[in-house]
Amino acid sequence: MSSSMSETILQVRDLHTQFFTDDGVIKAVDGISFDIARGEVLGLVGESGCGKSVTSLSVLRLVSAPGRITQGQILWKERDLAQFSEAQMRAIRGNEISMIFQEPMTSLDPLYTVGQQIGEALKLHQNLQGQAARQKAIEVLRDVGIDDAQRVDAYPHQLSGGMRQRVMIAIAISCNPDLLIADEPTTALDVTVQARILDLLRAMRRKRDMAILLITHNMGLVAEMCDRVAVMHSGIIVEQAPVEELFARPRHPYTKGLLKAIPTLTSAPKTPLSTVSWEPTEQERAASHLVEVGDAHFVSAWAV
Amino acid sequence: MSKQSTAQKRAEGQLLTGKAARMAAQTSLSPVQLAWRELRKNHAAMLGLWTLLALYAIALFAPFIAPYDPQDQLPGDHGSQTFHPPMRVRFRDHEGGFHLRPFVYGTVQQFTPLRDIVYPLDAAQQNAVRFFVSGAPYKLLGLIPSTIHLFGVEKGRAIFVLGTDEFGRDYFSRLLYGSQISLSVGLIAIFITFSLGMLIGGISGFYGGVVDDLIMRLCEILMSVPDFYLLLALAAALPITLSPVTVYILIIVILSFIGWAGMARVVRGMVLSAREREYVEAARALGVSDLKIIIRHILPTTFTYAIVGATMAVPGYILAEAGLSFLGLGIREPMASWGNMLSAAQNLTTLQSRPWILAPGVTIFITTLAFNFLGDGLRDALDPKSRRLG
Amino acid sequence: MFLYILRRLLQMIPLVLGITILSFGAMQLAPGDYVEQMKQNPQIRPETIKRLRQQYGLDKPPAVQYFYWLKNAAQGNFGESFTYKEPAFKLIMSRAYYTILLAFYSGLLAWVLAIPLGIYAATHRNNWLDRVLNFGAFAGISLPGFFVALLAMRFALISGWFPVGGASSVNYEQMSQGQKILDTAHHLILPTLVLGIGGIAGLMRQMRGNLLDVLSENYILAARARGLSERAVIVKHATRNAINPLITLVGYQISGLLAGAALVENVMAWPGLGRLLLESVQTQDLYVSMASFVMGAVLLIVGNLIADILLAITDPRIKFS
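Chains as they are written, first to last, in my numbering: chain V, 22 to 325; chain D, 147 to 536; chain Z, 2 to 322.
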C-alpha cells in the first residue's frame, strides 16, 4: 500500500506549537512536517514528552492556553486548518477528523449515557435527532462490536475500560471521518482487550477507507498497524519511512536505539534491556530538516 | 493551567521532567523549603502573612501602643466623656498655619437641651501629640513594668483617635487590648481542636472496631447539630459569677469542643487510607511498633492537611468568639474583645450617629481576610494537587 | 427511592435521640433553672417556688427529667414555655417558619448568583473581572455576618428605604393578603442579602475551582474533539459536572446558614429560631431551648437528606441503595 499512489488528505508543513509558561517558552512541537494519504496508517512514535500528543491536538486545533500554534500549515484536503475560524474548525472536528484518547476511563462524561454522547456528534454533523439518532447510535455501537442495544442507555461507569474505548471509537466513527487520530488508543487497556481494539481499528479502516494517525510509544504496535512511521524526538521528526524500510534500515541513531530496545525472544536471558539516551545538540537541531536517503525514506540532514 | 487538557499537561509535564529533575537534584530542597518558595510567589498569601504578623505584634505590644488603660473612664468637664467622637490628628490649624508636630484640638463637653452630650472643638486648645510619654502604668508582655506609651498628649488633656465608648473609655486603647483577646482565642482554640481531632481521629482510625464505632457515632451527633446553636447553649451555661479570665478560658474550651468532630473524621479517613499504603504495610511487615508507625509514617501525611486546615479554620473561631461576645455570651465586660465592643452598636441611636463604634468590625474583617489569604496560599503551596494558578 | 428515604428517616431516629441527650446535657450545665431566677424576687414566696418546681418536674434528677421529656415528646408534647405560657412546639414552629424563610431565600440567592459568577470567573481566568470577583469572594467569606447586619441596619436607618429590623410592620394584621406578602418581602430583603453574602462568596469560589478542575478533564477535551462549541461544552458538560460536588456541600451550607441566621436574627430582630434559642437559654426556658435546639438539628439533617436525594437524582453514579 504505497502512499504515493493515492490522494494525500493531510499535509502538515513546518508546524510549531509552543507553550508560554511562567518558566519560559516550551517548544513542544518545533517544526515538523508529514503527510497522510487516504486510507493510510501513519505511526507517530517517540518517547513520552516528545511532542506527539501535542502534534495530534494541533492538527485539530485543540491546543489551549498557554499553548498556541505559532507557525506552519495544516493542509486538510488542500485547505489550511490553521487559517480556519472556530466555527469552521468545529465542522471538521468529529466529522471529517475524529480523535480517540489514551484514557477511555475518563474520556466519557460520567453524567450522560453512551447514546447521548454519540448523539451529540450525530446531531452536530448529521442533523440526526431523537429516535433517528438513537437508532444510528445503536448501529454504530454494533459496528464497534457492542451488540447489546441496551448499552445505548448505559452510563460510562457501568462499562469496562475496553467497552468505553469501543464507545469512544463509536463516537469517533459515527460521522464517517476521513481521518482518525488515535492517541495511544490501547496503552491503558489489558493486553487481550488491546488486541481486540486493534482488530477493530484495522477493520474500520478497511471498511471505510479511513486514514489513521496512530500516536504511540510502542514499536510493536507500529509494526503491526502502520504503513509508514515518523519517529519524533524533542519536538522534531528525526526519521520517516515505510514501516518495513525503517525496521530494516534505520538511519538515525535515535531510531536505531529505539529498535534495539525492543526485547526479542532470541536475546540471551538476563541481558539487561538496552536503553535509549539521545538528546539533539544545537548543531543537530539546526540541521534537523529531513533529506531523502532511499525510497520514501527521510532522515535528519545531520544523520546522513 | 487547568484549562488545558490533562493530555497536554502530561505532555508538558514530561517535557519538564528532565529539567525539573535536574533542578531538584541540584538544589535538594526539603518539602518545607519548597512550600515556602511556592508561598513566597503568592502575593495575596504573603500580604496575609505580613498583615497577621503585624496584627499579632500590635496585640503583643498593645499596652505600649495604647495611650490609655482600657478600663479607665476618662473624666470630662461633666462626668466621663461618653461617646466622644474620634479626634482628627492635624498638621494644619484653623488659620491655615502649618505645624511640624501633629496636634489635636481639645473639646469642651456640653449638653444639648435634649440632654445629648456634644463635644464642640475648642480652637484655643491645641494639644500637641508627643511620643514616648508617661501615662498609665502597665506591664509589657505581662512582665516588664512601664509607664511609657507610644504617644499621648499633655496630662489632663485627651487624645481619642477612635473616640470613646458609652463609659468614656478610649476606644482605640480598647481596640488594641481587645485584639489580645480576639486574636488569641482563635489560635488557642484551633490548637486544642486540632490536637483533640488528630488524637481522637487517629485512635479511631488506627484501632477501628468498637472504639471507632463509638467515636464516629459521637462525631455524627455533634456534626448534626448546627454548631452555633451548640455554642449558644454551652456559652449561656456559664454562670454570671465567673471572673472574666475564667470565662475567657471556658470560651476557648467550648469553641474547641465544637470543632473537633469534623477534624477527627477527616483524620480518621486519612489514617485509614494511610494504613493501606504500601510503605505502612512494609513498615508493619518489618515489625515496627504501632506507635512508631503512627508517629513516623501516618502523622506526617496528616500534618500538611492539619496546617492548612488549621489556618483555614481560624477565621471561623475568631468569628464565633466575636459573635458570642457580641450577643453577650462570650467575653465579658470590663474585658474588651472585638465582639463585645460591637455590642454597643445594637443600640439604634449609637448605630446611626456613632459610627466609630463599628471599628472592631473592620479589624475582625482584616484579620479573617488575612487568615483566608494565607490559608489559601498555604493550601496551594503544600498540596501541589490542589494548585490552581490564580 | 421511597424505600431509600424511608430507611434514611429511620436512621435519623437514633441520631435525633443522641442529639436530645446532648442538648439536655448542655442545658443542665447551667447552674439553677428558670424558677431559680424567681428567688431574686422577694414578692414570691418560697412555697410558690417549691410548688412550681414540682409542677415543672424540676425537683427530679436530670435523668428522670429527661425521660419525662422524652416520653412526652414522643407523644408530640414538647413541654410548655415558662416565659410565654404556650406550648414550646407551637412557639418553635412559628419561629422555625421565619428561619426557614430567611435561610431558604439566602441559600437560593447564593446559588442563583454564585453559579453564573463562578462560571464566568473560571472561563475568564485571570482577567480583571475574575480578579475582582476573586477578591470579592475572599472578602465575602471573611466578613463577619453580624457586622454586615449592623451595617445593613445602619443603612436602613440612614436611607429609610428598608424597615429597621423585624419581620412585619406594626399594622401587619390590618393588611390585605397581597399587602402582607409585600410587607414580608420588604422586611426580608436586607436580612436575606446579609445572610446571603457569605454563601455567595463561598459557593462562587467552589464553583470556580470545580469548573477549572472539570475543564481539565479528558471528557471535556473529547467533547471539544467531537466538534461541540465551547459554549455547549461548558453548559452541557463542564457546568453539570462542576455543580454536582456542590450539592454535597449543601449540608455545610445549611449549617452555616443556621449559624449565620442566629446572629442576623438577633441583630435585625428577625423572629427566628436562633433568636428564640438565645432568649430561651438566657431565661433558662428549658423546654423551649430543647425544642429549638432539636429543631435546628432536624432542619440540618433533613437538609442533608434533601441534598443526598438531589445528588442521587443528578448523578447516575449514585444509586438509591
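All residues carry an ideal CB built from backbone N, CA and C; glycine is no exception.
Where residue i falls: helix, strand or coil (DSSP)
i	result
Thr208 (chain V)	coil
Thr29 (chain V)	strand
Gln227 (chain D)	coil
Val314 (chain V)	strand
Asp44 (chain V)	coil
Pro283 (chain D)	strand
Phe68 (chain Z)	helix
Asp180 (chain V)	Sequence check: residue 180 (chain V) is Leu here, not Asp. If DSSP states are grouped into helix, strand and coil, Leu180 (chain V) belongs with coil.
Lys82 (chain Z)	In the sequence on display, residue 82 (chain Z) carries Ser and not Lys. Of the three classes helix, strand and coil, the one that applies to Ser82 (chain Z) here is coil, per DSSP.
Leu278 (chain Z)	helix
Val511 (chain D)	Here residue 511 (chain D) turns out to be Phe, not Val, going by the sequence shown. DSSP places Phe511 (chain D) in helix when its eight states are reduced to three.
Gln150 (chain V)	coil
Ile290 (chain D)	strand
Trp502 (chain D)	helix
Asp316 (chain D)	strand
Leu220 (chain D)	coil
Asn518 (chain D)	helix
Ala251 (chain V)	strand
Ile20 (chain Z)	helix
Thr134 (chain V)	coil
Leu36 (chain V)	strand
Leu161 (chain D)	With a pLDDT of only 39 at Leu161 (chain D), under 50, the local geometry of the prediction cannot be trusted, and the value read off the model is given with reservation. Leu161 (chain D) falls in the helix class under three-state DSSP.
Reference residue i; option with closest CA among the options
i	options	result
Arg411 (chain D)	D:Gly194, D:Ala431, D:Leu364	D:Leu364
Leu360 (chain D)	Z:Gln29, Z:Leu213, Z:Gly19	Z:Gly19
Leu109 (chain Z)	Z:Ile201, Z:Met28, Z:Ser290	Z:Ile201
Gly167 (chain Z)	Z:Trp271, Z:Arg225, Z:Thr21, Z:Gln29	Z:Trp271
Thr387 (chain D)	Z:Pro32, Z:Leu53, Z:Ile22	Z:Pro32
Ser292 (chain D)	D:Tyr375, D:Asp373, D:Pro213, D:Ser402	D:Pro213
Ile338 (chain D)	D:Gly314, D:Asp436, D:Met409, D:Ala428	D:Met409
Asn73 (chain Z)	Z:Met2, Z:Phe90, Z:Tyr85	Z:Phe90
Asp215 (chain D)	D:Leu376, D:Ile439, D:Ala505, D:Arg320	D:Arg320
Leu246 (chain D)	D:Val254, D:Val235, D:Gln255, D:Gly252	D:Val235
Ser330 (chain D)	D:Ala203, D:Met344, D:Ala304, D:Val426	D:Ala203
Interface residues of chain Z facing residue i [CB-CB closer than 9 Å]
i	result
Leu132 (chain V)	His238, Arg241, Asn242, Asn245, Thr315, Asp316, Pro317, Arg318
Thr514 (chain D)	Ile142, Ser143, Leu144, Pro145
Glu312 (chain D)	Residues of chain Z passing the Cβ test: none, with the nearest at roughly 16 Å.
Any non-hydrogen atom of the ligand HEM within 7 Å of residue i CB
i	result
Leu278 (chain Z)	The ligand HEM is not part of this structure, which contains no ligands at all.
Contact list for residue i against chain Z, beta-carbon separation under 8 Å
i	result
Leu380 (chain D)	Ala27, Leu30
Pro385 (chain D)	Ala31, Pro32
Tyr176 (chain V)	Pro317, Arg318
Contact set between residue i and chain D, taken where Cβ atoms lie within less than 8 Å
i	result
Met94 (chain Z)	Going along chain D, no residue has its Cβ under 8 Å from Met94 (chain Z), so there is no contact; the nearest lies around 17 Å.
Gly297 (chain Z)	Val371, Pro372, Tyr375
Contact set between residue i and chain V, taken where Cβ atoms lie within less than 8 Å
i	result
Tyr220 (chain Z)	Thr127, Ser128, Leu129, Asp130, Pro131
Partners in chain V for residue i, counting only beta-carbon separations shorter than 9 Å
i	result
Leu229 (chain Z)	Arg111, Arg114, Gly115, Glu141, Ala142, Leu145
Within chain Z, the residues that residue i reaches when beta carbons sit closer than 7 Å
i	result
Glu124 (chain V)	Asn219
Within chain D, partners of residue i - CB distance below 7 Å
i	result
Phe294 (chain Z)	Tyr375, Ala379
Test: residue i CB closer than 8 Å to a CB of chain C
i	result
Phe229 (chain D)	Any reference to chain C falls outside this structure, whose protein chains are V, D and Z.
Residues in the region 255 to 281 of chain D having any Cβ partner in chain Z nearer than 7 Å:
none
Would you list, in chain order, the members of the region 20 to 39 of chain Z that have their beta-carbon closer than 7 Å to a beta-carbon of chain D?
Ile20, Leu23, Ser24, Ala27, Met28, Leu30, Ala31, Pro32
Any C-beta of chain D within less than 9 Å: which residues of the region 136 to 152 of chain Z qualify?
Phe136, Phe139, Ala140, Ile142, Ser143, Leu144, Pro145, Gly146, Phe147, Phe148, Val149, Leu151, Leu152
Along the region 443 to 463 of chain D, what residues have a CB closer than 7 Å to any CB found in chain Z?
Pro461
Any contact between the region 31 to 50 of chain V and the region 84 to 104 of chain V? By contact I mean 3 or more CB pairs, one from each, below 8 Å.
yes
Say whether the region 255 to 274 of chain Z touches the region 161 to 175 of chain Z, bearing in mind that this needs 3 or more beta-carbon pairs closer than 8 Å, one atom from each stretch.
yes
Positions along the region 360 to 374 of chain D whose CB lies within less than 9 Å of some CB in chain Z
Arg363, Leu364, Glu366, Ile367, Leu368, Met369, Ser370, Val371, Pro372, Asp373, Phe374
Touch check for the region 236 to 244 of chain Z and the region 142 to 159 of chain Z: three-plus C-beta pairs under 8 Å?
no
Which residues, in chain order, does the region 71 to 90 of chain V contribute to contact with chain Z at a C-beta distance below 7 Å?
Leu81, Leu83
Three or more C-beta pairs closer than 8 Å, one from the region 4 to 20 of chain Z and one from the region 298 to 305 of chain Z: is that the case here?
yes
Spell out a yes or no on whether the region 222 to 232 of chain D and the region 311 to 329 of chain D are touching, meaning 3 or more CB-CB pairs, one atom from each, closer than 8 Å.
yes
Beta carbons nearer than 8 Å to chain Z: which residues of the region 492 to 504 of chain D have them?
Gln492, Leu494, Leu497, Gln498, Pro501, Leu504
Does the pairing of the region 232 to 241 of chain V with the region 59 to 79 of chain V give three or more beta-carbon distances under 8 Å?
yes
Would you check if there are 3 or more beta carbon pairs closer than 8 Å linking the region 473 to 481 of chain D to the region 443 to 460 of chain D?
no
Touching or not, the region 172 to 192 of chain V and the region 201 to 216 of chain V, by the rule of three or more beta carbon pairs under 8 Å?
yes
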